[in-house]
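Participant:
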Amino acid sequence: MYDFDEVIDRHNTNSLKWDSTDVKIPMWVADMDFKVVDEIKENIIKRANHQVYAYSVVDDEYFNSYISWWKRRHDLTLKRDCLLFSTGVMPSISSIIRCLTNPSDKVLIQTPVYNVFFDVVVNNNRQLVENELTYEDSRYYIDFEKLEQQLSDEDVKLMLLCNPHNPVGKIWYPDEIERIIELCNRYDVILVSDDIHCDLVNPDKKYTPVYSVDCSNKDNLIMCMAPSKTFNIAGLQTSAVYCENRKLYEQIEKQLSIDFNSMPNVFAISATKAAFNYGDEWLDSLNRYVYENKGIAREFIDENELDVDVIDCEATYLLWIDCSRLSIDAYELYEYLKNSYGLYVSPGIKFGKNGSDFIRVNIACPKSTLLEGLSILNKAILSLK
25 MYDFDEVIDR HNTNSLKWDS TDVKIPMWVA DMDFKVVDEI KENIIKRANH
75 QVYAYSVVDD EYFNSYISWW KRRHDLTLKR DCLLFSTGVM PSISSIIRCL
125 TNPSDKVLIQ TPVYNVFFDV VVNNNRQLVE NELTYEDSRY YIDFEKLEQQ
175 LSDEDVKLML LCNPHNPVGK IWYPDEIERI IELCNRYDVI LVSDDIHCDL
225 VNPDKKYTPV YSVDCSNKDN LIMCMAPSKT FNIAGLQTSA VYCENRKLYE
275 QIEKQLSIDF NSMPNVFAIS ATKAAFNYGD EWLDSLNRYV YENKGIAREF
325 IDENELDVDV IDCEATYLLW IDCSRLSIDA YELYEYLKNS YGLYVSPGIK
375 FGKNGSDFIR VNIACPKSTL LEGLSILNKA ILSLK
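Numbering (our numbering), first residue to last: 25 to 409.
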């Protein structure tokens, strides 16, 4: 029904992924080389045909589409009066940091992690605290003893949780989230959960929202979510913030307005409603396709004995590949792939110093593109032996 094998030429569309760099195969930035579900396109065209593109407001149907989606997909009942529109998850997090912490306060992140987490803390003049994830047997774990030690610092006011975790593809399970919330409550730390990848999970896995776990006190929780990664509409700048603490909600609402993050563009509302109201079958098909791509990549790497290890990826369409057994380091491999072969991946060092042995590879592409990229990777690694 949905043709994810179709190769779409994205050149000359002002694409960050395809037009900002002269390479053969870009597998770096986290967007997909697939068409959106038809209803999104149709709703955008319908709105465009009106031919007046003035200021927009957010209606109840927009928020109801979130409520319906989260109940249907994640068995979580969202409250309408706890939802806020925002132009994006990272603009939301930036506003939250500004209104709920003070300059020089500390913000904790779990590395290796999405590189913009570093920027949003440092650029807002807050101190960065890194809770390094434990890497063992090709999997990642939280060192809860170390996490508690860091959260107990009275200067740590806020923790950013990446749920699911980018770049390692880790789904946090209910018991892990419960422990994180319990520690944040114990030390009066606000927990902000970035759930932008929450719908992009393996068919046999389940994402757990922070608000769904069994916890007596959820006053310090904030959840940021969006259809942008799920439905490949990041360019439409649409997201939401969810917070059940009224005081925090009102502070965030005010700051989003101050930062001009609360006004939607003319197509954001129509696209979001179409995505959440009509995107179920498309998403299920997408997740199956991406899961197949993960299997293809792992099988290719194993069969060709590439001396790299693919981390078990439960969520996202991003492969986190351990290159520590190679004769060159991962950053040198990244440069070699890009400059000599035209394959553009992300160097792991971008995601924290404990990511220095890794590369991140976006496999949300047709299988033909994936196989071409893997063949280049194979050729490059063989040339190093």
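Yeah, the Cβ is synthetic: ideal placement off N, Cα and C, and Gly gets one too. Predicted, not measured: the structure shown is a model, and the values here were computed from it.
Just the Cα atoms here: how many angstroms apart are D105 and Q261?
Facilitator: Their Cα atoms are separated by approximately 21 Å.
Participant: Just to confirm, are V131 and L182 a CB contact at a threshold of 7 Å?
Facilitator: Contact flag set, yes.
Participant: Do you know whose CA, among V225, S392, S80 and L406, lies nearest S309's CA?
Facilitator: Considering only alpha carbons, the answer is V225.
Participant: DSSP three-state call for K194: helix, strand or coil?
Facilitator: In this structure, K194 counts as strand in the three-state DSSP scheme.
Participant: What do you reckon, is the C-beta of C123 under 6 Å from a heavy atom of the ligand NAD?
Facilitator: Among the ligands in the structure shown, none appear at all, so the ligand NAD cannot be discussed.
Participant: Rounded to a whole number of angstroms, what is the C-alpha to C-alpha distance between N285 and L171?
Facilitator: Going from the Cα of N285 to the Cα of L171 covers about 32 Å.
Participant: Between I387 and E338, what straight-line distance do the alpha-carbon atoms span, to the nearest angstrom?
Facilitator: Straight-line Cα distance between these residues: approximately 14 Å.
Participant: Given a cut-off of 7 Å, decide if F375 and V153 are closer than it, judged by their beta-carbon atoms.
Facilitator: Result no, Cβ atoms of V153 and F375 do not sit closer than 7 Å.
Participant: From G366 to Y26, what does the alpha carbon distance come to, in whole angstroms?
Facilitator: So the alpha carbons of these two residues sit roughly 29 Å apart.
Participant: In whole angstroms, give me the CA-to-CA distance for Y341 and L280.
Facilitator: Answer to the nearest angstrom: the Cα atoms are 30 Å apart.
Participant: Going residue by residue through the segment 52 to 122, where are the continuous alpha helix (DSSP H) segments of at least 4 residues, counting only ones entirely within it?
Facilitator: Qualifying alpha helix (DSSP H) stretches, in chain order: 62 to 72 and 84 to 98.
Participant: Just to confirm my understanding: we take I214, look at its own chain, exclude 5 residues before and 5 after, and list those with CB closer than 6 Å. What are they?
Facilitator: Correct list, in chain order: L124, L182 and N244.
Participant: Have a look at the DSSP bridge pairing and note the partners of P371.
Facilitator: Paired residue(s): I383.
Participant: Under the DSSP definition of a beta bridge, which residues are partnered with P50?
Facilitator: For P50, which the question treats as bridged, DSSP gives the partners Y368.
Participant: Quick one: any contact between the segment 82 to 96 and the segment 285 to 294, if contact means 3 or more CB pairs under 8 Å?
Facilitator: Verdict: yes, contact present.
Participant: Sort N139, N36 and R312 by Cα distance to D223 and report the nearest one.
Facilitator: Ranking N139, N36 and R312 by Cα distance to D223 puts R312 first.
Participant: Is the number of C-beta pairs between the segment 356 to 365 and the segment 161 to 175 that are closer than 8 Å three or more?
Facilitator: Judged by Cβ distances under 8 Å, the segment 356 to 365 makes no contact with the segment 161 to 175, as fewer than three pairs qualify.
Participant: Measure the CB-CB distance between E66 and Y302 and report whether it falls below 7 Å.
Facilitator: Cβ atoms of E66 and Y302: not closer than 7 Å.
Participant: Would you give the residue range spanned by the beta strand (DSSP E) that I133 belongs to?
Facilitator: Where I133 is concerned, the enclosing beta strand (DSSP E) stretches over K130 to T135.
Participant: Can you give me the C-alpha to C-alpha distance between P251 and Y231, rounded to a whole angstrom?
Facilitator: Cα to Cα, P251 sits roughly 15 Å from Y231.
Participant: Would you kindly report the start and end of the unbroken beta strand (DSSP E) that includes S12?
Facilitator: Shown here, the chain extends from 25 to 409; a query on residue 12 therefore has no answer.
Participant: For E156, which beta-bridge partners are listed by DSSP?
Facilitator: DSSP, once it has assigned bridges, lists T135 as partnering E156.
Participant: What is the DSSP secondary structure of I320, reduced to helix, strand or coil?
Facilitator: Three-state DSSP puts I320 in a helix.
Participant: In angstroms with no decimal places, state the Cα-to-Cα distance between A299 and F255.
Facilitator: Approximately 7 Å between the Cα atoms of the pair.
Participant: Rounding to the nearest angstrom, what Cα-Cα distance links F141 and P115 in this structure?
Facilitator: Roughly 11 Å between the two C-alpha positions.
Participant: State yes or no: is the C-beta of P233 within less than 7 Å of the C-beta of H98?
Facilitator: Yes, they are a contact pair.
Participant: Report all residues from its chain with a CB closer than 7 Å to the CB of I383; omit the five preceding and five following residues, and keep chain order.
Facilitator: Same-chain partners within the cutoff: I345, C347, A354, L357, Y358, V369, S370, P371 and G372.
Participant: Is it right to say L185 is buried, meaning 16 or more other beta carbons lie within 10 angstroms of its own, or is it exposed?
Facilitator: Per the 10 Å Cβ criterion, buried.
Participant: Grab the span of the alpha helix (DSSP H) containing L395 for me, first residue to last.
Facilitator: First-last of the alpha helix (DSSP H) with L395: K391 to S407.
Participant: Taking all protein chains shown into account, decide if A78 is buried (16 or more other Cβ within 10 angstroms of its Cβ) or exposed.
Facilitator: Classification of A78: exposed, given that the 10 Å Cβ count is below 16.
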